[in-house]
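Residue numbers (our numbering): 1138 to 2085. Glycine residues also receive a C-beta, built at the ideal position from the N, C-alpha and C atoms. A short write-up of the structure that comes next.
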Amino acid sequence: MTDFKRDGSHLAYCPPVEKWDDWVELDPDSWPRRVEKHYQLVPTICFNCESACGLLAYVDKQSGEIAKFEGNPVHPSSRGRLCPKGPATINQIHDPDRILYPMKRNGPRGAGKWTRTSWDEVLETFGTRMRQAIQEGRGEEIMYHVGRPGHDFIMERTLQAWGIDGHNSHTNVCSSSARLGYLLWHYADRPSPDHANARFILLLSAHLESGHYFNPHAQRIIDGKMSGAKLAVMDPRLSNTASMADYWMPTYPGTEAAVLLAIAKIILDENPYDAKFVKTWTNWEDLQVDGFQAKGQSFEATIEALKKHYAHFTPQFAEKESGVKADVIVKIAREIAKAGSRFASHLWRGSASGNLGGWQPARALMLLHVLTGSVGTEGGHNLNAWNKFVPKPFKVPPQQKRWNELLYPPEWPLSTHEMSFLLPHFLKEGRGRIETYFTRVFNPVWTYPDGFSWIEMLRDEQKLGLHAALTPTWSETAWFADYVLPMGFSSERHDLMSQESYAGKWIGFRQPVNRVLRERAGEKFEYTYQANPGEVWEEDEFWINLSWAIDPDGSMGIRQYFESPYHPGQKLTVDEYYGWIFENSVPGLPETAKKEGLTSLQYMRKYGAYEVTRDVYQQNEKQLSEAELAEARIESNGVITKQGKPVGVMIDDRPVVGYNTPSRKLELFSKTMADWKWPEFTLPEYYRSHIHRSAQAASLGEGRADFDPKYTPKVEWPEHARGEVFTLLPIFRLPNLIHTRSGNAKYLYEISHKNPLWMNSADAQNIGNIRTGDLMKVHTEIGYFVLHAWVTEGLAPGVVACSHHLGRWRVNKDEQIERMSSAWVDLKEIGKGQWKMRQLETVSPYESPDPETKRVWWSDAGVHQDITFPVHPDPVSGMHCWHQIVRVERAGSDDRYGDIFVDTNLSFAVYQRWKALARPAPGPGGLRRPLWMPRVVRPVESAYYMKK
Ligand code: SF4
1138 MTDFKRDGSH LAYCPPVEKW DDWVELDPDS WPRRVEKHYQ LVPTICFNCE SACGLLAYVD
1198 KQSGEIAKFE GNPVHPSSRG RLCPKGPATI NQIHDPDRIL YPMKRNGPRG AGKWTRTSWD
1258 EVLETFGTRM RQAIQEGRGE EIMYHVGRPG HDFIMERTLQ AWGIDGHNSH TNVCSSSARL
1318 GYLLWHYADR PSPDHANARF ILLLSAHLES GHYFNPHAQR IIDGKMSGAK LAVMDPRLSN
1378 TASMADYWMP TYPGTEAAVL LAIAKIILDE NPYDAKFVKT WTNWEDLQVD GFQAKGQSFE
1438 ATIEALKKHY AHFTPQFAEK ESGVKADVIV KIAREIAKAG SRFASHLWRG SASGNLGGWQ
1498 PARALMLLHV LTGSVGTEGG HNLNAWNKFV PKPFKVPPQQ KRWNELLYPP EWPLSTHEMS
1558 FLLPHFLKEG RGRIETYFTR VFNPVWTYPD GFSWIEMLRD EQKLGLHAAL TPTWSETAWF
1618 ADYVLPMGFS SERHDLMSQE SYAGKWIGFR QPVNRVLRER AGEKFEYTYQ ANPGEVWEED
1678 EFWINLSWAI DPDGSMGIRQ YFESPYHPGQ KLTVDEYYGW IFENSVPGLP ETAKKEGLTS
1738 LQYMRKYGAY EVTRDVYQQN EKQLSEAELA EARIESNGVI TKQGKPVGVM IDDRPVVGYN
1798 TPSRKLELFS KTMADWKWPE FTLPEYYRSH IHRSAQAASL GEGRADFDPK YTPKVEWPEH
1858 ARGEVFTLLP IFRLPNLIHT RSGNAKYLYE ISHKNPLWMN SADAQNIGNI RTGDLMKVHT
1918 EIGYFVLHAW VTEGLAPGVV ACSHHLGRWR VNKDEQIERM SSAWVDLKEI GKGQWKMRQL
1978 ETVSPYESPD PETKRVWWSD AGVHQDITFP VHPDPVSGMH CWHQIVRVER AGSDDRYGDI
2038 FVDTNLSFAV YQRWKALARP APGPGGLRRP LWMPRVVRPV ESAYYMKK
């Protein structure tokens, strides 16, 4: 096991901190001569995924240029190691096609004509419009829509300072279903598995090679394995992760909950469950199931009722549904039971984000943790809320008073996040308009389903007043913006980050390397863009200045939050913002810094990260203090309340904090589900996904008794759709690419640049002797895409798969969107809502200031599949259900590689069919949403009630 040391000595090859000011390496360009190069090393944080690994920028002392990025050995989460996307930051900052200055369009939207403008003009234009909207009570027409956040809390603070309900995110195309599954149990919406100390690890993901907290988790999964833990992977695809596992369970997609509940049944039946934990820490006394009411009954009787309820989840039933052999399921159940409190697992995307009801696998997985007592334990499942540390800044604004129904519409009261992917449909339905729209490191035209509906929305100046794309790279979405505002990469910006990546709490500090170094040398900068390439800025300073532009004299009450805490009335600087946080909100940091004669800010600038604590297990057991108990009352069920709100629970006569649920216990029985019109789902359940074989049959007009239209909308094929019916898995990630932000990273694109259609060899034979490389046409409910086949044994029959990330395109030949990663396309609207795209030129070598673009050897840019997908909002979690039933045929003589067709009239119709599954608010008492459920930027309580 790797024993992390704060000085980085656990990694002998990493430069020790005391040598960071003058680190010497031999110059590779001078080889075979041994010429020394001197570097200054500056820590920062990778911005290429959510993991926030620590980077070290190697700055050539002679040229002042950053020469490379490697791992920061004193970062407690990444411990000096990186995935390939971290070092590829060097490509991003030196990208010859990058946006260096703020740009303003000077023709019709989407025409691709841009003029350089100044930051002052941008601030004046947006500040004036936003001021007017807020003063006229139209604050909800301002929307901030984030793709990759890469920071903590600063945006929530900014939006609340503006007094608006305007935060939109990408989460409902990413992880909402998994979040709901976890949330219903314990309020925290993410797992923080302690892989390193586990004895058995179950992944419903490709976590060793990609996915959430990929590099930090991969290290700890390997630590766990090296200490003897066994690894099981549930994935229809033989991922690299599955290939490293002791058990691979290739489930038919969407059937994972059936397998998990079969495991639960075995653990219950064979009796090795942790009865003490279940009795103490679940709300079993609330259970009502199949006519049984636990109230007044014994715990043993309740367990018997549970056993009865899950009786039909036999291993044989699970095998029939999933294809995983019954004896494997039994074996894994026994391994999990044996691991007991040291059972760790992870589910984030995969089955959760692919399937209707994808929140049930997360809920069923948590049931296994509850039965084994592996919640909050060493080697078990911990809560993100316990391991992530978000320090509070000075002067936090009050909560906003309004509720924006474009974000949280009444149809999906339990959606964990904003219904962002439905925005074009909401505007089409006339639910509102957007005056000022900020897309921030966000490319919905490309990464979302139904991208042509996004294009239609973005180019409509009636529905969308002014759109600024804040982005480090060109994107398909930026193309339709009014302003393109260049934001910095990992080494060009400030951000504070923390993630629940292991059993500990830490913070990491991203910083602009050039500015930091030049300020160390005595230069002074007012703004980061003055030290960055061109006029690339950072969001922190942009929002501070925009807030001053909205409220220049402070009369609107906004400016006060962006004034210095040290010099009243003066504009807040980033040093002051972060310096205050480090000095006042991070326990132990000021003392640690002082020991080295540093301020807290200087410490963070020197090391780039700080571990706050390792005391993270079993936080539910924390005793409430006298002060916390003042004026509290103990309810008859043991819940401790204050002003009617639960704050703790009595356990063995001790007042402890418990979990943040209404019962303060883990909610085996969810009253929330009963209250919000889903009484059939008060317990973890399995119900058939929209891609179940019964739905496939229904799409062909073949009736099956197990197809229930109450839960599953029927697929209506467009007239042109032909071919065999399959389930498409479109969301697996490639470990070396970054959604759409790696198009400028030649080291990464050189490794992967093609996304063929994975197909089992038996299926290939059945369709008609399909071979790898043959051209296939995949029909979705709203259109089609054409790509090459890849015939493989690494995928279950009946399923086809295509990876995310690839298929970038540009509508102009030589500008914008990097030519090494995109195809030049002919994009046409051939009828109202009917869109056709054809690749005119794929990738080839080209001239640029970077000589390596002449050495591009690959010719493929991949095929953009997401744009041909309709929206599938899960009626409960609100998550877009990515998997889908498709028809696959051999491409015809008129079809060409990369061809795409979509009819957005059909996509609107699919939206309507899925919307009809929802069970809208109001809930109890006229609520829009349960009061206990979180929101990213939470409004005041009165806003939770619908107006009569
Ligand atoms: S996992 Fe890779 S991309 Fe993500 S932060 Fe770490 S180094 Fe960067």
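Exercise. From what residue to what residue does the alpha helix (DSSP H) around Phe1679 run?
Worked result: Glu1676 to Ile1687
Exercise. In the region 1299 to 1334, which residue ranges form an unbroken alpha helix (DSSP H) of at least 4 residues, counting only runs that do not cross its ends?
Worked result: 1313 to 1323
For this session: Using the beta-carbon of each residue, find all residues closer than 5 Å to any heavy atom of ligand 1 and list them in chain order.
Result: Cys1183, Asn1185, Cys1186, Ser1188, Cys1190, Leu1219, Cys1220, Lys1222, Gly1223, Phe1351 and Asn1352
Exercise. Out of Asp2032, Ser1722 and His1876, which has the shortest C-alpha to C-alpha gap to Val1915?
Worked result: Asp2032
Exercise. Touch check for the region 1721 to 1729 and the region 1665 to 1677: three-plus C-beta pairs under 8 Å?
Worked result: no
Problem set entry | Local Cβ density within 10 Å of Met2070, reported as buried at 16 or more and exposed below that | buried
Problem set entry | Beta-ladder partner(s) of Arg1770, from DSSP | Thr1778
Exercise. The alpha helix (DSSP H) spanning His1288 covers which residue range?
Worked result: Counting along the chain, His1288 falls outside any alpha helix (DSSP H), and DSSP gives it neither H nor E.
Problem set entry | Sheet register partners of Thr1750 (DSSP bridge) | Lys1642
Exercise. Within the chosen definition, does the region 1233 to 1253 reach the region 1617 to 1627 through at least 3 CB pairs nearer than 8 Å?
Worked result: yes
For this session: Please name the residue in Val1154, Ala2080, Phe1526 and Ala1668 whose C-alpha comes closest to that of Val1753.
Result: Phe1526
For this session: Look up Ile1338 in the DSSP assignment and say whether it is helix, strand or coil.
Result: strand
For this session: Tell me where the beta strand (DSSP E) around Gln2021 begins and ends.
Result: Gln2021 to Arg2027
Exercise. Can you tell which of Arg1791, Asp1289, Gly1284 and Tyr1319 has its C-alpha closest to the C-alpha of Asn1305?
Worked result: Gly1284
Problem set entry | Sequence-distant residues of the same chain with beta carbon closer than 6 Å to Asn1334, five excluded per side | Glu1515 and Gly1516
Problem set entry | Span separating the alpha-carbon of Lys1413 from that of Gly1510 | 8 Å
For this session: Within its chain, find whatever has a CB closer than 6 Å to the CB of Tyr1664; leave out the 5 residues flanking it on each side and keep chain order.
Result: Glu1678
Exercise. Would you say Ser1628 and Ile1230 are within 9 Å of each other, going by their C-beta atoms?
Worked result: yes
Exercise. Whose C-alpha, out of Pro1353, Thr1451, Ile1182 and Ala1474, is nearest the C-alpha of Arg1336?
Worked result: Ala1474
Exercise. Is Val2077 buried or exposed, if buried means 16 or more other CB atoms sit within 10 Å of its CB?
Worked result: exposed
For this session: Return the first residue and the last residue of the alpha helix (DSSP H) that Tyr2048 is part of.
Result: Thr2041 to Lys2052
Exercise. Which stretch, first to last residue, makes up the beta strand (DSSP E) that contains Glu1720?
Worked result: Where Glu1720 is concerned, there is no enclosing beta strand (DSSP E), although the alpha helix (DSSP H) it sits in stretches over Val1711 to Asn1721.
For this session: Could you check the C-alpha separation between Leu1320 and Cys1186 for me, to the nearest Å?
Result: 23 Å
For this session: Using the Cα positions of Ala1442 and Glu1930, report the straight-line distance between them to the nearest angstrom.
Result: 42 Å
For this session: Write down the C-beta distance between Val1211 and Ala1960 rounded to the nearest angstrom, noting that I regard them as a contact closer than 8 Å.
Result: The Cβ separation is near 43 Å, so there is no contact.
For this session: Report the partner residues of Tyr1620 according to the DSSP bridge assignment.
Result: Lys1241 and Ala1605
Problem set entry | Three-way DSSP call (helix, strand, coil) for Asn1519 in this model | strand
For this session: Could you tell me whether the region 1978 to 1997 touches the region 1946 to 1963, where touching means 3 or more Cβ pairs closer than 8 Å?
Result: yes
Problem set entry | Assigned exposure category for Glu1277 - 16 Cβ within 10 Å defines buried | buried
Exercise. Unbroken beta strand (DSSP E) runs of length 3 or more, entirely within the region 1574 to 1602: which are they?
Worked result: none
Problem set entry | Continuous beta strand (DSSP E) stretch holding Lys1205: start and end | Ile1203 to Gly1208
Exercise. Would you say the region 1449 to 1467 touches the region 1401 to 1409, given that touching needs at least three Cβ pairs under 8 Å?
Worked result: yes
For this session: Measure from the alpha carbon of Gln1953 to the alpha carbon of each residue in His1941, Asp1257, Pro1846 and Thr1610, then state which is nearest.
Result: Thr1610
Exercise. With 16 as the cutoff for other CB atoms within 10 Å, does Lys1538 come out buried or exposed?
Worked result: exposed
Problem set entry | Rounded Cβ spacing between Ser1684 and Phe1699 (contact assumed at less than 8 Å) | 4 Å
For this session: Classify Asn1228 as buried or exposed, calling it buried when 16 or more other Cβ atoms lie within 10 Å of its own Cβ.
Result: buried
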